[in-house]
Each structure stands twice: as C-alpha cells, then as structure tokens.
Amino acid sequence: MPTAAMTTTEAAAIVESAIRKFIHGCHILHYHGVVDAYGHLSFRHPLRPQIFVMAKNMPPAAVSSQDDLIQYWVENAEPVEEGAPQGYVERLIHSEIYKRHNEVTAVVHAHADAVIPFTISGVPLRPCYHMAGFLSTDGPPVWDIADHYLRSDIPDMLVRHEHLGRSLAKSFDGGNVVTLMRGHGFTAISSSIEDAVFRAIYTMKNAAIQSATLSLSATSAATNNFSPSPAIRYLNRSEAWNAAETLSGTISRPWELWVREVGAFGR
Ligand SMILES: [Zn+2]
Numbered sequence: 409m410p411t412a413a414m415t416t417t418e419a420a421a422i423v424e425s426a427i428r429k430f431i432h433g434c435h436i437l438h439y440h441g442v443v444d445a446y447g448h449l450s451f452r453h454p455l456r457p458q459i460f461v462m463a464k465n466m467p468p469a470a471v472s473s474q475d476d477l478i479q480y481w482v483e484n485a486e487p488v489e490e491g492a493p494q495g496y497v498e499r500l501i502h503s504e505i506y507k508r509h510n511e512v513t514a515v516v517h518a519h520a521d522a523v524i525p526f527t528i529s530g531v532p533l534r535p536c537y538h539m540a541g542f543l544s545t546d547g548p549p550v551w552d553i554a555d556h557y558l559r560s561d562i563p564d565m566l567v568r569h570e571h572l573g574r575s576l577a578k579s580f581d582g583g584n585v586v587t588l589m590r591g592h593g594f595t596a597i598s599s600s601i602e603d604a605v606f607r608a609i610y611t612m613k614n615a616a617i618q619s620a621t622l623s624l625s626a627t628s629a630a631t632n633n634f635s636p637s638p639a640i641r642y643l644n645r646s647e648a649w650n651a652a653e654t655l656s657g658t659i660s661r662p663w664e665l666w667v668r669e670v671g672a673f674g675r
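In terms of our numbering, the sequence shown opens at residue 409 and continues consecutively.
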C-alpha cells in the first residue's frame with residue numbers, strides 16, 4: 409500500500425513498472441526457449457511483500473496485459489481476489505520460496521530440454537563459462553520429488569501441494585540460486601525479475617554447452633583408441649564467484665537487448 413511518503417501516483421508507477429518487466433520477462437523466456445506452453449515466471453509485489461503475482465493458466469508468450477495476471481497470498485498460494493481465473497497448478501513452487509526466502513522477489517520455473525539430462529543422470533551441472541558463474545561449482549542440488557510424496561499424493565511429478573513446495577524451497581537455503589528437479593526441470597530465484605530471467609537463460613545455455621563438451625570428450629577418447637581424454641576444465645570456485653560478481657553489475661545490458669528483441673517480434 410502507498411505509504412505517507414509515497415503518493416498514489418508513485419505507488420501505481422512502481423507497480424506498473426514491475427508488471428511491464430514481468431510481461432517482458434515472460435516473452436523473453438519464451439523467445440530464448442526456456443519456457444514453451446509450460447513453465448512460468450512470478451514476482452513478489454513491490455509494495456505488498458505478502459503477495460506475489462503470476463499469469464493465469466496460459467503460455468507465458470501469450471501474456472499481454474494486467475488482465476492476464478493473478479495476485480496470490482504468499483502464505484497459502486490462494487488468489488487475493490475472489491473469482492480469479494484458474495491459475496497454474498505449480499504456483500506452490502513460487503509461494504513456498506517467497507515464504508521461506510524474504511530476499512527473493514522473482515522466480516522462474518521451467519522444463520528446458522537441455523537441463524533435463526542433468527536431473528536424471530547423476531552428472532552434476534557445473535559452470536562451464538563465466539556467464540554461468542552463479543551455478544554452484546559442485547552442481548546445483550537435484551531435488552527429487554519422489555523423496556517427498558505423501559501417500560495421498562498423485563505421483564505426477566508436479567509440485568501441486570504445500571509440503572512439496574516447502575521441501576523444494578529448502579533447497580535454496582545457504583545462498584543457492586538454482587535447483588534442478590529430477591525428471592522435470594529447474595527453478596531459478598533472484599532479487600530481481602531481470603536477474604531471475606538471466607539465471608534461467610544461462611542455466612539452460614550452460615547445460616547445452618556441458619552436454620556438447622561431454623559428448624566431444626567422449627568422441628575424443630574414442631578416436632584416440634579410448635585413451636583418456638583431458639579432464640574437462642570447469643570454472644573453479646574463485647572464478648565462478650568472481651565472474652558472477654562482475655556480471656551482476658551488467659544485467660541491464662542483456663535485459664535491454666532482450667526487451668528490444670521481443671519488441672521486434674511484436675510483443
Ligand atoms: Zn513444472
């Protein structure tokens with residue numbers, strides 16, 4: 409709500425800016441192939457932190473105005489307004505992260521193909537280049553929903569209940585910003601919409617690069633009569649941390665480009 413020091417007009421401008429960023433974020437995630445008909449972005453309300461906002465149950469690329477958005481209570485993922493349209497069944501991912509992590513203001517959940525092999529193979533996703541220094545050098549945790557079903561749950565891989573979202577939210581303790589989800593996808597968090605989108609895009613790109621590198625390495629070993637190929641050199645802890653620090657101050661550069669890209673496609 410507007411405070412004494414903030415006029416209604418100023419408050420409306422802040423909310424409008426967040427909505428504009430959110431809609432751009434949805435389109436950018438689609439343009440880069442992070443989401444398709446499924447997957448979603450959310451943001452914490454900039455003036456009412458007990459509320460978060462998502463699109464109604466629709467493909468992110470189709471989100472076009474405030475009329476497509478639903479406000480939910482962080483506490484229980486229920487709509488703030490009665491008669492709200494149907495929402496995403498997996499909004500518990502978002503509500504439980506916002507509930508547990510006060511600093512988080514944006515969440516991306518996606519099923520990008522490139523990431524899936526790292527959720528089912530036991531091969532850790534590791535930072536291959538400076539753009540993905542935000543990834544843990546040991547690999548982001550892989551959260552397995554099968555470890556958390558209750559007897560009453562339908563085991564359809566979807567985070568459709570509070571206890572499942574709560575368990576997933578715990579994986580972000582200790583500063584982790586990306587969690588892989590076994591046989592499903594991944595979730596990325598941040599304190600800004602722009603950075604959450606950045607992390608989602610570069611998690612996906614890093615996964616594609618690592619798969620290509622693993623394949624190349626295996627081919628190299630085969631063509632050299634299976635002699636051991638050189639070990640793959642991932643970023644070390646210092647490189648990853650410093651690369652992430654350096655790039656964190658430059659997010660506006662890709663963001664402005666991405667906004668122009670989706671704008672050029674009439675979004
Ligand atoms: Zn999902």
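The C-beta atom is built at its ideal place from N, Cα and C for all residues, glycine as well.
So for residue i, helix, strand or coil by DSSP?
i, result
"Y480", "strand"
"T527", "helix"
"S598", "strand"
"A616", "helix"
"L449", "strand"
"I562", "coil"
"A639", "coil"
"P662", "helix"
"G495", "coil"
"G657", "coil"
"L356", "Outside the displayed span of the chain (409 to 675) sits residue 356, for which this structure offers no information."
Under a Cβ-count criterion, where at least 16 other Cβ atoms within 10 Å of its own Cβ denotes burial, should residue i be classed as buried or exposed?
i, result
"N510", "exposed"
"V531", "exposed"
"R452", "buried"
"T631", "exposed"
"M414", "exposed"
"Y506", "buried"
"G573", "buried"
"L624", "exposed"
"I640", "exposed"
"A554", "exposed"
"P457", "exposed"
"R534", "buried"
"A596", "buried"
"Y446", "exposed"
"T527", "buried"
From residue i to residue j, what distance separates their C-alpha atoms?
i, j, result
"V461", "V670", "21 Å"
"R645", "A616", "21 Å"
"R428", "T627", "46 Å"
"V497", "Y642", "37 Å"
"T611", "H556", "25 Å"
"E504", "V423", "22 Å"
"E591", "D521", "Note that residue 591 is Gly in the sequence shown, not Glu. One C-alpha to the other measures close to 10 Å."
"S529", "V523", "11 Å"
"S575", "S599", "20 Å"
"Q618", "I501", "27 Å"
"D561", "D476", "30 Å"
"V550", "L455", "33 Å"
"V605", "R499", "17 Å"
"A608", "A620", "19 Å"
"T713", "I478", "Beyond the ends of the chain as shown, which are 409 and 675, falls residue 713; an answer cannot be given."
"A470", "H435", "8 Å"
"L558", "E653", "40 Å"
"I659", "D603", "7 Å"
Are the CB atoms of residue j and residue i within a distance shorter than 8 Å?
i, j, result
"H438", "P487", "no"
"G541", "A648", "yes"
"R508", "A577", "yes"
"K613", "M565", "no"
"L449", "V512", "no"
"V443", "A518", "yes"
"G495", "N465", "yes"
"N584", "S544", "yes"
"F580", "L588", "no"
Checking contacts by CB at 8 Å: is residue i closer than that to chain C?
i, result
"L533", "Absent from the structure is chain C; it holds one protein chain and no more."
Any residue whose CB is nearer than 6 Å to a heavy atom belonging to ligand 1, listed in chain order
E498, H517, H519, H592 and G593
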